[in-house]
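Q: Numbering (this note's numbering), first residue to last: 86 to 225.
1. Is residue 97 closer than 9 Å to residue 159 when the C-beta atoms are compared?
2. State the start and end residues of the unbroken alpha helix (DSSP H) segment that holds residue 209.
3. From residue 146 to residue 105, what does the alpha carbon distance come to, in whole angstroms?
4. With contact counted as at least three CB pairs below 8 Å, one residue from each stretch, are the stretch 199-210 and the stretch 136-144 in contact?
5. From residue 100 to residue 174, what distance separates their C-alpha atoms?
6. What residue range does the alpha helix (DSSP H) around residue 111 cover?
7. Taking 7 Å as the limit between beta carbons, can you name the residues of its chain near residue 194, skipping five residues before and five after?
8. I believe residue 155 touches residue 122 by the beta-carbon criterion, under 8 Å. Please report the beta-carbon distance rounded to the nearest angstrom.
9. Compute the Euclidean distance between the alpha carbons of residue 151 and residue 157, then round it to the nearest angstrom.
10. Between which two residues does the alpha helix (DSSP H) carrying residue 151 extend?
11. Rounding to the nearest angstrom, what Cα-Cα distance links residue 176 and residue 111 in this structure?
12. Of the choices 138, 161, 164 and 118, whose alpha-carbon is the least far from that of residue 179?
13. On the DSSP bridge list, what partners appear for residue 121?
14. Could you tell me the alpha carbon to alpha carbon distance between residue 186 and residue 148, rounded to whole angstroms?
In structure tokens:
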């Protein structure tokens, strides 16, 4: 990523962070290399959940100039990835993934989700999306 930054003469902040409720989780569990783009300073200094993925997460909070720059730069980056013969990102083994889950304490989250699913399966009726989740057609 740093090499692409330099070659493209573009600043593309990135970081790696994954958790059971991130969009990356299903991919991470299948050993697909994941990363995130964004302002690391904002992430480092933010506290709590913020307004993301809530009813307050509205378009008026987006700085369109930065959105355009990010879209252009990350598109250029992905174009490079798609055309790279040998990509440096490595897949983690299932053992490494399970060790990470345990080290982060996410194994408890997974166990709790399994218990919640078992309980919800006893309900006589449920929302169709809940049914998909309970029947294991999603990662959570």
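C-beta: ideal position from N, C-alpha, C; glycine also.
A: In terms of the structure at hand:
1. In this structure, residue 97 lies closer than 9 Å to residue 159 by Cβ.
2. Run containing residue 209: none; DSSP gives neither H nor E here.
3. 26 Å
4. no
5. 14 Å
6. 110-114
7. 105
8. 7 Å
9. Each residue's Cα considered, the two are about 10 Å apart.
10. Looking at the DSSP string, the run of the alpha helix (DSSP H) that includes residue 151 is 149-167.
11. 14 Å
12. 118
13. 100
14. 35 Å
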